[in-house]
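Those letters in the sequence shown? Residues 375 to 695, by my numbering.
Report on the following structure.
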Amino acid sequence: MEVSDRKRAVGEAHGKLILVGEHAVVYNKPAIAMPFPLRIRAIVTEQIGEIRVSSNVYTGNLKDMPDKFMGLAQTIYRSLEICHQPKEGIHIEVESEIPMGRGLGSSATAATAIVRGIFAFYQRPLSEEQLYSLVEIGENYAHGKPSGIDMMAAANEKPIFYQKTKGASFLASPKPLYIVAADSGEVGDTKTAVEHVKELRQQRPDVIDPIIDEIEDIVWKAKEAIISGDSLLLGSLLTRNHENLKKLEVSNSMLDHLVEAAIRAGALGAKLTGGGMGGCIIALTKDMTHAEKVGKALVKEGARKVWYFSTDSKEAITVEG
Numbered sequence: 375m376e377v378s379d380r381k382r383a384v385g386e387a388h389g390k391l392i393l394v395g396e397h398a399v400v401y402n403k404p405a406i407a408m409p410f411p412l413r414i415r416a417i418v419t420e421q422i423g424e425i426r427v428s429s430n431v432y433t434g435n436l437k438d439m440p441d442k443f444m445g446l447a448q449t450i451y452r453s454l455e456i457c458h459q460p461k462e463g464i465h466i467e468v469e470s471e472i473p474m475g476r477g478l479g480s481s482a483t484a485a486t487a488i489v490r491g492i493f494a495f496y497q498r499p500l501s502e503e504q505l506y507s508l509v510e511i512g513e514n515y516a517h518g519k520p521s522g523i524d525m526m527a528a529a530n531e532k533p534i535f536y537q538k539t540k541g542a543s544f545l546a547s548p549k550p551l552y553i554v555a556a557d558s559g560e561v562g563d564t565k566t567a568v569e570h571v572k573e574l575r576q577q578r579p580d581v582i583d584p585i586i587d588e589i590e591d592i593v594w595k596a597k598e599a600i601i602s603g604d605s606l607l608l609g610s611l612l613t614r615n616h617e618n619l620k621k622l623e624v625s626n627s628m629l630d631h632l633v634e635a636a637i638r639a640g641a642l643g644a645k646l647t648g649g650g651m652g653g654c655i656i657a658l659t660k661d662m663t664h665a666e667k668v669g670k671a672l673v674k675e676g677a678r679k680v681w682y683f684s685t686d687s688k689e690a691i692t693v694e695g
């Protein structure tokens, strides 16, 4: 979404959850992701002098951003070049509901919102291809060579079936999915996790390749479960996927604890979501009442924060730990 009156423009994007297929997607296997109804807004206004950024993680001149955010800075500079504008004269305020480093797509979502805001501010048309290529600049810096699923999910309003070389297609289900996401409180590191799996695969391809193939099988079955509305099957596939991610050594004791707690509370299935090594888990439930029950159980079991929502809603309900 973009809103503009030239003196002020707003770009917005939502987060994402990977339902199944993370890590395998790096090796051109498919994955399924969905919008997560937490948002980032980028408010672009005129100002005199250097470009300034204000956010809950950094406030100051764009050129002085910490190294870990330099990919985002490059996305901004390239956006200005495409808009034929000087690299000065704007202030970008970022308002985020998405915690960083939790596997919820915060970097891709922030970049998407900022690019939309800049193009709206200068009243320039923005094609999907331009948006993806600009967001990819920041994602490559942040995560190495990611699959691209985060930016595709952040830019679209429906669940997607994604493959690196084939792009994304939308998935429709005859009924909503009821999802709980729980923050372990531990910061994950997608770049480190992806590198770790890569090293494991180089050392033991005979062990790791079959795990990646198994995840691919799970994704194809999950696609059919979504299309047919089979929540019981989908839940069991989530849990199977988590077991495979454990074998890839990207889970940890807290994530495993929360997955087990969700299942004890009656979830249809649960798994880590995103890069792992910290971050969040997701659980599939029967309805919103059931989602609330599972969410409260996860808070009691140590989750820092829990959100639950239906895929036919634009809002998530928050439970604080």
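Even glycine gets a Cβ: it sits at the ideal position worked out from N, Cα and C.
Computed from a predicted structure; not experimentally measured.
(message) Which residue wins for smallest C-alpha separation from Ala596, given the options Leu619, Met444, Val571, Pro404?
(response) Pro404
(request) Ignore the nearest five residues each way along the sequence and tell me which others in Gln421's own chain have a CB closer than 8 angstroms to its CB. (result) Gly463, Ile464, His465
(message) I need the straight-line Cα distance from Ala599 to Tyr496, nearest angstrom please.
(response) 44 angstroms
(message) Could you pull the DSSP bridge partners for Met408 from this structure?
(response) Leu391
(message) I'd like the span of the alpha helix (DSSP H) that includes Gln577, first residue to last.
(response) 564-577
(request) Would you mind giving the Cβ-Cβ distance between Ser605 and Leu642, rounded to the nearest angstrom? I have them listed as a contact below 8 angstroms. (result) 6 angstroms
(message) Buried or exposed, going by whether 16 or more other CB atoms sit within 10 Å of the CB of Ile511?
(response) buried
(message) Please classify His458 as buried or exposed, where buried requires at least 16 neighbouring CB atoms within 10 angstroms.
(response) exposed
(request) Between the Cα of Glu343 and those of Ile553, Gly434, Pro473, spot the shortest distance and give me the residue it belongs to. (result) Outside the displayed span of the chain (375 to 695) sits residue 343, for which this structure offers no information.
(request) Report the three-state DSSP secondary structure of Tyr496 (helix, strand or coil). (result) coil
(message) Cutting at 6 angstroms between CB atoms, please list the residues of its own chain near Thr539, excluding the five before and the five after it.
(response) Asn402
(message) If distances are taken between C-alpha atoms only, which option among Glu694, Ala398, Val384 comes closest to Gln350?
(response) The structure shown does not extend to residue 350, since the chain spans only 375 to 695, so no value can be given for it.
(message) Checking 9 angstroms against the spacing of the C-beta atoms, do Thr647 and Gly477 come in under that value?
(response) yes
(request) Note down, in chain order, each residue of its chain lying with its Cβ closer than 8 angstroms to the Cβ of Tyr506, except the 5 sequence neighbours on either side. (result) Gly522, Met525, Met526, Ala529
(message) So, for Pro533: in the same chain, excluding its five sequence neighbours on each side, which residues have a beta-carbon less than 6 angstroms away from its beta-carbon?
(response) Met408, Leu545
(request) For the beta strand (DSSP E) holding Asn618, just list the boundary residues, first then last. (result) Run containing Asn618: none in the beta strand (DSSP E); it sits in the alpha helix (DSSP H), 605-621.
(request) Grab the span of the alpha helix (DSSP H) containing Glu469 for me, first residue to last. (result) Unbroken run through Glu469 is the beta strand (DSSP E), 464-470; no alpha helix (DSSP H).
(request) Enumerate in chain order the residues of its own chain whose CB-to-CB distance from Ser429 is below 6 angstroms, with the five nearest sequence positions on each side excluded. (result) Val468
(message) Strictly by DSSP, which residues pair up with Glu420?
(response) Ile464
(message) Suppose you measure from the CA of Val581 to the CA of Ile456; what does that come to, to the nearest Å?
(response) 46 angstroms
(request) Please report the residue range of the alpha helix (DSSP H) in which Thr685 lies. (result) Looking at the DSSP string, Thr685 is not in any alpha helix (DSSP H), and its letter there is neither H nor E.
(request) Go through its chain and collect everything with a Cβ distance to Ala324's Cβ below 6 angstroms, but skip five positions before and after it. (result) No answer is possible for residue 324: the residues shown for the chain start at 375 and end at 695.
(request) Only counting runs of 3 or more residues, tell me where the beta strand (DSSP E) segments fall wholly within the region 623-670, in order along the chain. (result) 643-647, 654-659
(request) In the DSSP assignment, find the beta strand (DSSP E) that holds Gln459 and state where it starts and stops. (result) Counting along the chain, Gln459 falls outside any beta strand (DSSP E), and DSSP gives it neither H nor E.
(message) Restricting to Cα atoms, I'd like to know which of Gly491, Ile488, Thr483, Gly541 is closest to Glu503.
(response) Gly541
(message) What residue range does the alpha helix (DSSP H) around Ile337 cover?
(response) Outside the displayed range of the chain (375 to 695) lies residue 337, so it cannot be described from this structure.
(message) What does the alpha-carbon distance come out to for the pair Trp594 and Leu551?
(response) 17 angstroms
(message) For Gln576 and Asp583, I'd like the C-alpha separation in whole angstroms.
(response) 10 angstroms
(message) I'd like to know if the region 652-669 and the region 482-490 are in contact, where contact means that at least 3 CB-CB pairs between them fall below 8 angstroms.
(response) no
(request) Please report how far the alpha carbon of Cys654 lies from the alpha carbon of Gly475, in whole angstroms. (result) 9 angstroms
(message) Please report the straight-line C-alpha distance between Ser625 and Glu396, rounded to a whole angstrom.
(response) 12 angstroms
(request) Compute the Euclidean distance between the alpha carbons of Asn435 and Pro460, then round it to the nearest angstrom. (result) 15 angstroms
(message) Classify Glu513: buried if its beta carbon has 16 or more other beta carbons within 10 angstroms, exposed otherwise.
(response) buried
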